[in-house]
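Numbering (this note's numbering), first residue to last: 168 to 717.
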């Protein structure tokens, strides 16, 4: 009797387990991406992405679809919010013990594996086929950041890329702008939406930007790096370089059996031993911009010559590894970022003599060499008779210096505050878009300041993102001056001080002067002289009666 009962129980358990397995498989089959349905021969259009996420509502209540804005073409730029006990709005985040992670795909709409990988990731999280990230992480996803560029799918886009064979979108957005050059000047609705509706509101501790490589030949399908601008808090850079990114590398290698390396390009593909370099240092690149905001960021570059399916899977694995780290180390990360914000504010309250803003940089190798599985190269002539190089079937493993650490080559003094004599509406709007606090003098005041005199102004010979970008030579003059009531004030005792200084300093490579915001104020209507730079530096703590500009 007992034996018969036990057999019956075991049979019932087997049936339940089998039914559960079949249901899970069936569920996943109902929610396949365009890439999966097409055997990775196609990528999804905007409508496909929106419909995919709408369909996931049938699985779980642990996510919702919001919008960070509209593209020039009128398409929605979706923002997916995922979390157990889903926060009703960003206003609840400050008291939440979870960490916020933002995943951004398709900023360059020809580089599409991130778009497919984040869809797969969201589905698998909701189907509970991944670790329970939502216990400790609120995940924000923008699956299709460059919506307009995505809709221009063509087989002629990125012809050197190994799939998908049915074509991909284009690099630029609907305004012909490269969105990954717009983080400081904010001329696109996409980047405006990112800053105002994601960064300023949800304040993610960690951001990932998903791309495809264009450069060197190697065997690893998945590469990635971190924020590198030297005006970023050095402790955050070192944390990524020395702790988080090596952990992710080991996790991908050990637990996923997946070849990966830190992103860069060979100085010389023919002799890879010369070194591996990452040279995109300016904060116009969104990953570096996030670093200036005192937050962590990762640039993912999937290997262009790997097949499309491999690139998607590699990106998917990387996303899971990063979420695992963020989930496990959320308290450490949040504590570190809070301390960096507090340190930034304290520095601005009373700048030390040694506090500075780097305006020219030098690149040095990191303490640990990078091991890369490379190829022997052979020379050939292209159609125009130029010598080119291509990989052979012969592989070789090289250990090379990784040039990723940027330091100041030349610096200027970090100030207590900036005084802006020209209350230009576009300048004020841009500063406030970034979340920078702008004030105005309530009463006239006499201050010891550093006036900036223009000695030479030179526009670039070639257009760059619609601009003849400027470089300037200046003279810094210490003097006492009186400033009228109404003069604008930007204090550096605020968390976004590094963004403010980069914008307001005249000699940075991504500031207001570089992007032509001050052009009309730098020369008089007549004559060949220059006018003073319309921003004055208050180097030391001095009393000013101010009111925040609303």
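All C-beta atoms in this analysis are idealised placements derived from N, C-alpha and C, irrespective of residue type, glycine included.
Exposed or buried, residue i, counting other C-beta atoms within 10 Å across all chains shown (16 or more means buried)?
{"i": "residue 242", "result": "buried"}
{"i": "residue 178", "result": "The predicted model places residue 178 with a pLDDT of 49, which falls under 50 and marks its position as unreliable; any figure quoted below should be read in that light. Answer is exposed; the Cβ neighbour count stays below 16."}
{"i": "residue 701", "result": "buried"}
{"i": "residue 190", "result": "With a pLDDT of 42 at residue 190, under the threshold of 50, the modelled position of this residue cannot be trusted; read the value that follows with caution. Label assigned to residue 190: exposed."}
{"i": "residue 192", "result": "For residue 192, the predicted model reports a pLDDT of 48, less than 50, meaning its position is unreliable and no value from the coordinates is stated."}
{"i": "residue 185", "result": "Legend: pLDDT at residue 185 = 41, less than 50; position of this residue unreliable, no value from coordinates given."}
{"i": "residue 703", "result": "buried"}
{"i": "residue 321", "result": "exposed"}
{"i": "residue 181", "result": "Only weak support is given to the placement of residue 181: the predicted model assigns it a pLDDT of 46, under 50, and the question is left unresolved by the model."}
{"i": "residue 709", "result": "exposed"}
{"i": "residue 261", "result": "exposed"}
{"i": "residue 516", "result": "exposed"}
{"i": "residue 574", "result": "exposed"}
{"i": "residue 327", "result": "exposed"}
For residue i, which option in the options has the closest C-alpha, if you only look at C-alpha atoms?
{"i": "residue 237", "options": "245, 611, 673", "result": "245"}
{"i": "residue 222", "options": "247, 399, 208", "result": "247"}
{"i": "residue 581", "options": "592, 204, 418, 671", "result": "671"}
{"i": "residue 251", "options": "662, 481, 304", "result": "304"}
{"i": "residue 367", "options": "460, 344, 545, 348", "result": "460"}
{"i": "residue 746", "options": "282, 292, 202", "result": "With the chain covering only 168 through 717, there is no way to say anything about residue 746."}
{"i": "residue 699", "options": "675, 643, 605, 662", "result": "643"}
{"i": "residue 520", "options": "208, 707, 420, 312", "result": "707"}
{"i": "residue 254", "options": "473, 369, 447", "result": "369"}
{"i": "residue 540", "options": "478, 432, 716, 624", "result": "432"}
{"i": "residue 571", "options": "335, 529, 483, 283", "result": "529"}
{"i": "residue 645", "options": "620, 652, 663", "result": "620"}
{"i": "residue 239", "options": "315, 607, 353", "result": "315"}
{"i": "residue 402", "options": "347, 676, 505", "result": "505"}
{"i": "residue 695", "options": "200, 329, 624", "result": "624"}
{"i": "residue 289", "options": "534, 484, 689, 426", "result": "484"}
To the nearest angstrom, how far is it from the Cα of residue i to the Cα of residue j?
{"i": "residue 378", "j": "residue 278", "result": "6 Å"}
{"i": "residue 603", "j": "residue 511", "result": "13 Å"}
{"i": "residue 235", "j": "residue 342", "result": "18 Å"}
{"i": "residue 323", "j": "residue 589", "result": "47 Å"}
{"i": "residue 543", "j": "residue 438", "result": "9 Å"}
{"i": "residue 429", "j": "residue 611", "result": "53 Å"}
{"i": "residue 585", "j": "residue 597", "result": "15 Å"}
{"i": "residue 648", "j": "residue 618", "result": "9 Å"}
{"i": "residue 227", "j": "residue 258", "result": "23 Å"}
{"i": "residue 274", "j": "residue 380", "result": "13 Å"}
{"i": "residue 605", "j": "residue 595", "result": "8 Å"}
{"i": "residue 357", "j": "residue 313", "result": "7 Å"}
{"i": "residue 501", "j": "residue 266", "result": "7 Å"}
{"i": "residue 552", "j": "residue 383", "result": "21 Å"}
{"i": "residue 473", "j": "residue 337", "result": "19 Å"}
{"i": "residue 410", "j": "residue 310", "result": "28 Å"}
{"i": "residue 711", "j": "residue 650", "result": "10 Å"}
Could you round the C-beta distance between residue i and residue j to whole angstroms and report it? I think they count as a contact, below 8 Å.
{"i": "residue 475", "j": "residue 318", "result": "The Cβ separation is near 19 Å, so there is no contact."}
{"i": "residue 464", "j": "residue 374", "result": "5 Å"}
{"i": "residue 656", "j": "residue 493", "result": "About 37 Å separates the two Cβ atoms, so there is no contact after all."}
{"i": "residue 286", "j": "residue 216", "result": "7 Å"}
{"i": "residue 490", "j": "residue 300", "result": "5 Å"}
Just checking residue i against the ligand HEM - is the residue's beta carbon closer than 7 Å to any of the ligand's heavy atoms?
{"i": "residue 308", "result": "The ligand HEM is not part of the structure shown, which contains no ligands of any sort."}
Q. Which full runs of the beta strand (DSSP E) of 3+ residues lie inside the segment 233 to 278, going along the chain?
A. 243 to 249, 266 to 271
Q. Which residue spans inside the segment 334 to 391 form an unbroken beta strand (DSSP E) run of at least 3?
A. 373 to 379
Q | Every unbroken beta strand (DSSP E) inside the segment 523 to 607 [3 residues or more] | A | 523 to 532, 537 to 548, 554 to 567, 569 to 580, 584 to 587
Q | 3 or more residues per run - each beta strand (DSSP E) lying fully within the segment 383 to 436 | A | 389 to 393, 427 to 429
(Q) Could you tell me which whole alpha helix (DSSP H) segments of length 4 or greater appear in the segment 195 to 228? (A) 201 to 204, 213 to 222
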